[in-house]
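Visitor: Here it is: the structure, laid out below.
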Amino acid sequence: SAVISQKPSRDICQRGTSLTIQCQVDSQVTMMFWYRQQPGQSLTLIATANQGSEATYESGFVIDKFPISRPNLTFSTLTVSNMSPEDSSIYLCSVEKSQDTEAFFGQGTRLTVV
Amino acid sequence: KQEVTQIPAALSVPEGENLVLNCSFTDSAIYNLQWFRQDPGKGLTSLLLIQSSQREQTSGRLNASLDKSSGRSTLYIAASQPGDSATYLCAVSSGYSTLTFGKGTMLLVSP
Numbered sequence: 015s016a017v018i019s020q021k022p023s024r025d026i027c028q029r030g031t032s033l034t035i036q037c038q039v040d041s042q043v044t045m046m047f048w049y050r051q052q053p054g055q056s057l058t059l060i061a062t063a064n065q066g067s068e069a070t071y072e073s074g075f076v077i078d079k080f081p082i083s084r085p086n087l088t089f090s091t092l093t094v095s096n097m098s099p100e101d102s103s104i105y106l107c108s109v110e111k112s113q114d115t116e117a118f119f120g121q122g123t124r125l126t127v128v
Numbered sequence: 009k010q011e012v013t014q015i016p017a018a019l020s021v022p023e024g025e026n027l028v029l030n031c032s033f034t035d036s037a038i039y040n041l042q043w044f045r046q047d048p049g050k051g052l053t054s055l056l057l058i059q060s061s062q063r064e065q066t067s068g069r070l071n072a073s074l075d076k077s078s079g080r081s082t083l084y085i086a087a088s089q090p091g092d093s094a095t096y097l098c099a100v101s102s103g104y105s106t107l108t109f110g111k112g113t114m115l116l117v118s119p
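Here the protein sequences come in this chain order: A and B. Heads up: the first sequence begins at 15 in the numbering used here, then just goes up one per residue. Heads up: the second sequence begins at 9 in the numbering used here, then just goes up one per residue.
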């Protein structure tokens with residue numbers, strides 16, 4: 015298994031500001047992902063965080079809005095930029111030790127934009 | 009495009025009942041299927057992972073089955089307890105670790 019520490023656990027932010035979410039894993043992992051869960055909805059993949067290169071974004075998500083860093087095999091950050099109330103969601107970090115193996119999730123960051 | 013459907017959307021049962029949660033997916037070309045539990049406002053806890061070559065997996069009171077050809081999986085919970093109350097999510101991997109999630113089944117087990 016993998017133990018994932020995600021910070022902050024929750025935050026209330028003003029519109030137009032940015033928030034950076036951190037994801038720390040207790041062991042080296044190949045795959046790291048960022049998901050969004052909007053109120054009452056299931057999870058949607060935002061991007062795959064690639065170590066040493068630019069993240070791979072899913073359709074509908076862009077780097078300018080959701081810049082991602084992954085400096086090493088145990089850490090990643092997701093920034094939600096120029097926030098609006100529509101960005102209010104739970105953001106979740108996920109890891110897999112290698113491709114197409116068991117996925118593990120952090121406890122999530124509950125973001126409210128006012 | 010893979011689509012995952014979970015039935016029922018919500019389920020309320022008295023403590024002690026055995027219950028079945030259903031998950032169906034449209035594209036049978038999957039690598040694996042995973043069941044998760046999510047408590048309100050929290051992250052996901054992995055319950056069971058079934059590889060595409062497997063038929064079922066068991067962990068304690070939980071048993072998950074997979075019929076890849078028909079695009080179906082079931083999660084069986086034996087002797088349900090109030091602590092089992094949560095939302096249960098099914099997710100399939102269609103390669104490159106791309107998980108597609110269902111909308112979940114919200115389970116309430118009353119004492």
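We put the CB at the ideal spot given by N, CA and C, even for glycine.
1. Let me make sure I understand the geometry here. Which of A/S19, A/T70, A/G54 and A/Q28 has the alpha-carbon closest to that of A/A61?
2. Would you tell me roughly how many angstroms separate the C-alpha atoms of A/L87 and A/K21, rounded to the nearest one?
3. Along the region 93–110 of chain B, what residues have a CB closer than 8 angstroms to any CB found in chain A?
4. Using 8 angstroms for Cβ pairs, my map puts A/Q51 next to A/S103. What's the rounded Cβ distance?
5. For a test of the three-state rule: what should DSSP assign to B/D92, helix, strand or coil?
6. For B/M111 and B/V12, what's the separation of their Cα atoms in angstroms?
7. Touching or not, the region 92–101 of chain B and the region 43–58 of chain B, by the rule of three or more beta carbon pairs under 8 angstroms?
8. On the premise that A/L33 lies in contact with A/Y49, defined as a C-beta separation below 8 angstroms, what is that separation, rounded to the nearest angstrom?
9. Tell me the rounded alpha-carbon separation between A/S112 and B/T106.
10. Using the Cβ count rule (16 or more neighbours within 10 Å means buried), how would you classify A/E110?
11. Can you list the beta strand (DSSP E) stretches of 3 or more residues lying completely in the region 90–128 of chain A, in chain order?
12. Flag this pair as yes or no: are the beta carbons of B/G121 and B/F33 separated by less than 8 angstroms?
Guide: Taking the definition as stated:
1. Mapped onto the first sequence, residue 61 of chain A falls at position 47. The shortest C-alpha separation from A/A61 is found at A/T70.
2. Looking up residue 87 of chain A in the first sequence gives position 73. Looking up residue 21 of chain A in the first sequence gives position 7. About 17 angstroms.
3. The region 93–110 of chain B vs chain A, Cβ under 8 angstroms: L97, A99, S101, G103, Y104, S105, T106, L107, F109 and G110.
4. Taking the first residue of the first sequence as position 1, residue 51 of chain A is located at position 37. Taking the first residue of the first sequence as position 1, residue 103 of chain A is located at position 89. At roughly 6 angstroms, the Cβ-Cβ gap stays under 8 angstroms, so A/Q51 and A/S103 are in contact.
5. Position 84 of the second sequence, counted from the first residue, corresponds to residue 92 of chain B. Looking at B/D92 - three-state DSSP - the assignment turns out to be helix.
6. Against the second sequence, residue 111 of chain B aligns to sequence position 103. Against the second sequence, residue 12 of chain B aligns to sequence position 4. The amino acid occupying residue 111 of chain B in the given sequence is Lys; Met does not appear at that position. For B/K111 and B/V12, the distance between alpha carbons rounds to 8 angstroms.
7. yes
8. Start at 1 with the first residue of the first sequence, and residue 49 of chain A comes out as number 35. Start at 1 with the first residue of the first sequence, and residue 33 of chain A comes out as number 19. 16 angstroms between Cβ atoms; not a contact.
9. Counting from 1 along the first sequence, the entry for residue 112 of chain A is found at position 98. Counting from 1 along the second sequence, the entry for residue 106 of chain B is found at position 98. Straight-line Cα distance between these residues: approximately 12 angstroms.
10. As a working mapping, residue 110 of chain A is identified with position 96 in the first sequence. By the 10 Å Cβ count, A/E110 comes out buried.
11. As for any beta strand (DSSP E) of minimum length 3 sitting wholly inside the region 90–128 of chain A, the runs are 103–110, 117–119 and 123–127, ordered along the chain.
12. The displayed coordinates of chain B run from 9 to 119. Any statement about residue 121 of chain B would go beyond what the structure contains.
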